[in-house]
Each structure stands twice: as structure tokens, then as C-alpha cells.
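**Q**
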Amino acid sequence: MANIRAAITGVGAYLPEYRLTNEEISKMVDTSDEWIMQRIGIKERRILKEEGKATSDMGARAVENLLEKTGTSPEEVDMLICATITPDMNLPATANIIAHKTNIHNAWSFDLNAACSGFIFSLSTATQFIESGRYKKVVIVAAEKMSAIINYEDRTTCPLFGDGAAAVLVEPTTEDLGVVDYINRVDGLGRHHLHIKAGGSLKPASEETVKNKEHYLYQEGQAVFKAAVSSMADVAVEIMEKHNISSEDVAWLVPHQANMRIIEATARRMGISKKQVMINIRKYGNTTAATIPLCLWDYEKQLKKGDNIILAAFGAGFTWGSTYLKWAYDSE
Ligand code: UT7
Numbered sequence: 148m149a150n151i152r153a154a155i156t157g158v159g160a161y162l163p164e165y166r167l168t169n170e171e172i173s174k175m176v177d178t179s180d181e182w183i184m185q186r187i188g189i190k191e192r193r194i195l196k197e198e199g200k201a202t203s204d205m206g207a208r209a210v211e212n213l214l215e216k217t218g219t220s221p222e223e224v225d226m227l228i229c230a231t232i233t234p235d236m237n238l239p240a241t242a243n244i245i246a247h248k249t250n251i252h253n254a255w256s257f258d259l260n261a262a263c264s265g266f267i268f269s270l271s272t273a274t275q276f277i278e279s280g281r282y283k284k285v286v287i288v289a290a291e292k293m294s295a296i297i298n299y300e301d302r303t304t305c306p307l308f309g310d311g312a313a314a315v316l317v318e319p320t321t322e323d324l325g326v327v328d329y330i331n332r333v334d335g336l337g338r339h340h341l342h343i344k345a346g347g348s349l350k351p352a353s354e355e356t357v358k359n360k361e362h363y364l365y366q367e368g369q370a371v372f373k374a375a376v377s378s379m380a381d382v383a384v385e386i387m388e389k390h391n392i393s394s395e396d397v398a399w400l401v402p403h404q405a406n407m408r409i410i411e412a413t414a415r416r417m418g419i420s421k422k423q424v425m426i427n428i429r430k431y432g433n434t435t436a437a438t439i440p441l442c443l444w445d446y447e448k449q450l451k452k453g454d455n456i457i458l459a460a461f462g463a464g465f466t467w468g469s470t471y472l473k474w475a476y477d478s479e
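Each residue of the sequence shown is one higher than the one before, starting from 148 at the first, in this note's numbering.
What follows is the structure in C-alpha cells.
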């Protein structure tokens, strides 16, 4: 039997309409458009404003868009993985809620919490189920309502993040396409630099935790910045060397969109020019697990069958990794 590879065969997305601009953030905290553009590279980010709407609502819209685009009926889906750190609630998994909202009933589903590496870790997981021959259609949906965990009085974190969702379909192929390899890593010691202090079993919610604003994301920016630059570039270079790929062989680098300076440093280390890099941080900010599939969605029309693509991510955990894949279809 020919080797089975796992290939992305479609991309869908959903972005909330509301655009939170740097000008608006400058009225909330002591910052400016100039500082945010120079230090981060974000102009605006989308925010889910509607009352009673959550991560699953954006995730469900992204999955519906994906199923429609790929002509897939919900009954055909074997498995759904939701990459998120902003679940609707602690239990059940948001993946279960998205499956319910999209009429995916012949599948099982679970959440995968790897922060900004959530999409690539989910793609590695889906790849195993496809390569084994067990499943034919796996949906990965990366969805985040970051605005639910951001303190809009903290200027060091509030300009960075945005809300959004994107989904991909992963199917088998026997052609020389799809996921070729991946390298994923974690270092739990890094948790001290990026986490949410309360609301888990270590420090359950109390009046005091709410008063101390301990349910918001806490980040030591510089420590995370340094680790992100070195780890993301190292692992991307490692996968290129392992497969003997030169920078000219790479059609696209798809880096996690946390900071324009991190993106540029990673590309430089890989010897990749800016025109080979997918960048949309300016209009969406950091949507955590959703940044990489949102890039694929934005650039889908420019992708060609057989393109060599390197995905690279770094996030809370610390988690990081790089995936080498060959794009599986021409979208036009
Ligand atoms: O996706 C998950 C992984 N997360 C990341 O990859 C984020 C990594 N970190 C970063 O992107 C950057 O560290 C930040 C964008 C968060 C911060 O940029 P920085 O260049 O590292 O700034 P800094 O923390 O060194 O702060 C420099 C100065 C400080 O003032 P003083 O102490 O020098 O007077 C900050 O208080 O900039 C100040 N500052 C701001 N000033 C205006 C911090 N945030 C702001 C702000 N506006 N929004």
C-alpha cells in the first residue's frame, strides 16, 4: 500500500466585525499608535463584542465556512480538534460545543491547549490519525476570544491580542503532498513568564482573585520575546536542515503572529526574504492558536499545489514547534 500522508484540503475562518484600533486603545491606557506600530506592528484587532457570544460561536462559524467551501457534510467528519486557551467554560470541551453547533454527530472531539502552538500541535495530532488510515476527515478549528482574558487597563498586554477563528480540513493523500514532518517541543519552566494566575485547581476563583485581577493573562514580555525568537528560529532551521531544504526551496514561511520583530528575526535566521513570509499581524493582532490558519486563509489564493511551506510557532507553556508541509491544492 502507498504511504498515506495527511494534507490540508481546505481553510475556513470567521472574524468578528468590531475593529479595536490603536487610537481607541490609546484612550484606554497610556500608549500610542506609534509605540504599538514600532514595538509590535499591530494596527487593529478584531473583538467579539456581542453579549452572550463565546469562542465556540466563532469556531462554529469558521467550521461552517470550511464545510461549505470544501463541500463536506457534517456527517462525514470523523474527528474535530479545537485548539484554544479561551474555552467557553472549563468543562465540557469547547470542541464538543462546536461539534454540536455544526451538526457534527458522527465524530469525537476534544480541546487541545498549547496556547500559540495549538494549531501546529493539533495538526501533528490529526496527522497521526490520518496516516494510520483510521480517519478520512479531521477538522481542526483554532478559536480564541482573547478579549475575555485580557486586562484592558494593562498597557503591556492589551494592545497585543485579538479574537478570531480559523479551521482546516485534514484528509489523506497518496501523492507527495501534505505534512512531511514536524518537530514540537515544550518547557514547562517557561510557565512562570506567561500564564493566568487564578481560576484553576491551584488557585480557584475567589473574591480576592477577582479583586487582584488574577483571571487575566499575565506576561513578562521581554522573557517571552527572547525565548520566542531563539526557539522558533532554532526549530524552523532544524526542520529545514533535516530535510535539506534551502531558503530558496521555501515558498512560504507561516510564523505565529505575536510581534513583527519576532517574525522578522525568525525569517532572518532562516535566510528567508520578507516576500516569502505570511504576515497579517497588522490587521488581526495575536489571535493565539488561530494566527497560523488565519494566515493560510488570507493567503490561500496565492498558494500552489506542491509549495513548500514551513509553519513555526511559539507560545505559553512554553510550547513551540515547526511543521514542514507541501501544499496540497490550487485554490483557483
Ligand atoms: O504569543 C505568545 C507569545 N507572546 C509573545 O511572543 C510576546 C513577546 N513579547 C513582546 O512582544 C514584547 O516584549 C512586548 C511587545 C510585550 C513589549 O515590548 P518590549 O520592547 O519588550 O518592551 P518592554 O517590556 O521592554 O518595555 C519597554 C518600555 C517600558 O517602559 P520603561 O520601563 O522603559 O520606562 C514599558 O513600560 O515600554 C513601556 N511599555 C509601553 N509604552 C507604551 C510597555 N508597553 C507599552 C505600551 N505603550 N503599550
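C-beta atoms are modelled at their ideal positions from N, C-alpha and C, and glycine is treated no differently.
#1: Drop a sphere of 10 angstroms on the beta-carbon of N406, count the other beta-carbons inside from all chains shown, and report buried for 16 or more, exposed for fewer.
#2: Looking at the structure shown, is T438 part of a helix, part of a strand, or coil, going by DSSP?
#3: Could you check the C-alpha separation between A370 and H340 for me, to the nearest Å?
#4: Flag this pair as yes or no: are the beta carbons of I428 and G188 separated by less than 7 Å?
#5: Would you call the region 380-394 and the region 342-357 in contact, with 3 or more CB pairs under 8 Å?
#6: For E223, which residues from the same chain have a beta carbon less than 7 Å from its beta carbon, with the 5 sequence-adjacent residues on both sides left out?
#7: Helix, strand or coil for Q366 per DSSP?
#8: Can you pull the DSSP bridge partners for D235?
#9: So, at 7 Å on beta carbons, what are the nonlocal neighbours of I151 in its own chain, with the 5 sequence-adjacent residues on each side left out?
#10: Can you check whether the CB of C229 is closer than 7 Å to the CB of A242?
#11: Taking 8 Å as the limit between beta carbons, can you name the residues of its chain near T413, skipping five residues before and five after?
#12: Please determine, among M205, H342, P234, Y165, the residue with the shortest C-alpha to C-alpha distance to G462.
#13: Compute the Euclidean distance between the alpha carbons of K451 and S478, then round it to the nearest angstrom.
#14: Rounded to whole angstroms, what is the Cα-Cα separation between N391 and S220?
#15: For the alpha helix (DSSP H) that M407 lies in, which residues bound it at each end?
#16: Around the Cβ of L441, are there at least 16 other Cβ atoms within 10 angstroms (buried) or fewer (exposed)?
#17: Quick check on DSSP: helix, strand or coil for F465?
#18: Measuring alpha carbon to alpha carbon, tell me which of G311, A273, D225 ends up nearest D328.
#19: Please report the Cβ distance between D258 and T231, rounded to the nearest whole angstrom; I am assuming they are in contact, meaning their Cβ atoms lie under 8 Å.
#20: Please state if the CB of L472 and the CB of V286 are separated by a distance shorter than 7 Å.
#21: Under 7 Å Cβ to Cβ from T202, same chain only, skipping five residues before and after it: list those, please.
#22: Applying the criterion that 16 or more other CB atoms from any shown protein chain within 10 Å of the CB defines a buried residue, is E171 buried or exposed?
#23: Less than 7 Å between C-beta atoms, sequence neighbours within five positions excluded: which residues of the same chain meet that for V210?
#24: Which runs of the alpha helix (DSSP H) at least 4 residues long sit entirely within the region 262-305? Give them in chain order.
#25: Assign D177 to one of two classes, buried (16 or more other C-beta atoms within 10 Å of its C-beta) or exposed (fewer than that).
#26: Does M226 come out as helix, strand or coil in the three-state DSSP assignment?
#27: Please report the distance separating the alpha-carbon of I251 from that of N455.
#28: Rounded to a whole number of angstroms, what is the C-alpha to C-alpha distance between A437 and A374?
**A** The short version:
#1: In the sequence shown, residue 406 corresponds to position 259, counting from 1. Around the Cβ of N406, a 10 Å sphere holds 16 or more other Cβ atoms; the residue is buried.
#2: What you label residue 438 is simply residue 291 of the sequence shown in a count that begins at 1. Helix.
#3: Numbered from its first residue, the sequence shown carries residue 370 at position 223. Numbered from its first residue, the sequence shown carries residue 340 at position 193. If I take the Cα positions, the gap works out to 7 Å.
#4: Taking the sequence shown and counting its residues from 1, the one referred to as residue 428 is at position 281. Taking the sequence shown and counting its residues from 1, the one referred to as residue 188 is at position 41. Going by C-beta atoms, I428 is nearer than 7 Å to G188.
#5: No: the two stretches stay apart, fewer than three of their Cβ pairs being nearer than 8 Å.
#6: Position 76 of the sequence shown holds residue 223. Within the same chain, Cβ atoms closer than 7 Å to the Cβ of E223 are found at K284, the five residues on either side in sequence being excluded.
#7: The residue you call residue 366 lines up with position 219 of the sequence shown. Residue state, collapsed to three classes: strand.
#8: Here the question's residue 235 lines up with position 88 in the sequence shown. Bridge partners of D235: none, in fact.
#9: Residue 151 sits at position 4 when you count from the first residue of the sequence shown. Result list for I151: I277, E278, G280, P319, T321, in chain order.
#10: The residue given as residue 242 occupies position 95 in the sequence shown. The residue given as residue 229 occupies position 82 in the sequence shown. Contact flag set, yes.
#11: On the sequence shown, position 266 is the one that residue 413 refers to. Result list for T413: V376, M379, A380, A383, L400, P402, A459, in chain order.
#12: Mapped onto the sequence shown, residue 462 falls at position 315. Per the Cα distances, H342.
#13: As a first step, residue 451 is located in the sequence shown; it is residue number 304 there, counting from the start. As a first step, residue 478 is located in the sequence shown; it is residue number 331 there, counting from the start. When rounded, the separation of the alpha-carbon atoms in K451 and S478 is 7 Å.
#14: Position 244 of the sequence shown, counted from the start, is the residue given in the question as residue 391. Position 73 of the sequence shown, counted from the start, is the residue given in the question as residue 220. The straight-line gap separating the alpha-carbon atoms of N391 and S220 is approximately 39 Å.
#15: Along the sequence shown, read from residue 1 onward, the residue named residue 407 stands at position 260. Residues 407-417.
#16: Start at 1 with the first residue of the sequence shown, and residue 441 comes out as number 294. L441 comes out buried.
#17: The residue given as residue 465 occupies position 318 in the sequence shown. Reduced to three states, the DSSP call for F465 is coil.
#18: The residue labelled residue 328 in the question sits at position 181 within the sequence shown. Comparing Cα positions, the closest option is A273.
#19: The count along the sequence shown starts at 1 and reaches residue 258 at position 111. The count along the sequence shown starts at 1 and reaches residue 231 at position 84. Right, the Cβ-Cβ distance comes to about 6 Å (below 8 Å), so this counts as a contact.
#20: In the sequence shown, the residue the question calls residue 286 occupies position 139. In the sequence shown, the residue the question calls residue 472 occupies position 325. No, Cβ-Cβ distance for V286 and L472 is not below 7 Å.
#21: Here the question's residue 202 lines up with position 55 in the sequence shown. Hits under 7 Å: T231, T233, P234, D235, T241, A290, E291, K292.
#22: By one-based count along the sequence shown, residue 171 stands at place 24. That one is exposed.
#23: Sequence index remark: in the sequence shown, residue 210 carries index 63 (1-based). Taking C-beta separations shorter than 7 Å and ignoring five residues to either side along the sequence, the partners of V210 in its chain run G159, I245, T249, V286, V288, A314, following chain order.
#24: You should have 265-278.
#25: Position 30 of the sequence shown, counting from 1, holds the residue named residue 177. Classification for D177: exposed.
#26: Taking the sequence shown and counting its residues from 1, one reaches residue 226 at position 79. Looking at M226 - three-state DSSP - the assignment turns out to be strand.
#27: Numbered from 1 along the sequence shown, position 104 holds the residue referred to as residue 251. Numbered from 1 along the sequence shown, position 308 holds the residue referred to as residue 455. Roughly 32 Å separates the two Cα atoms.
#28: For the purposes of this step, residue 437 is taken as the residue at position 290 of the sequence shown. For the purposes of this step, residue 374 is taken as the residue at position 227 of the sequence shown. Between A437 and A374, the C-alpha separation is close to 20 Å.
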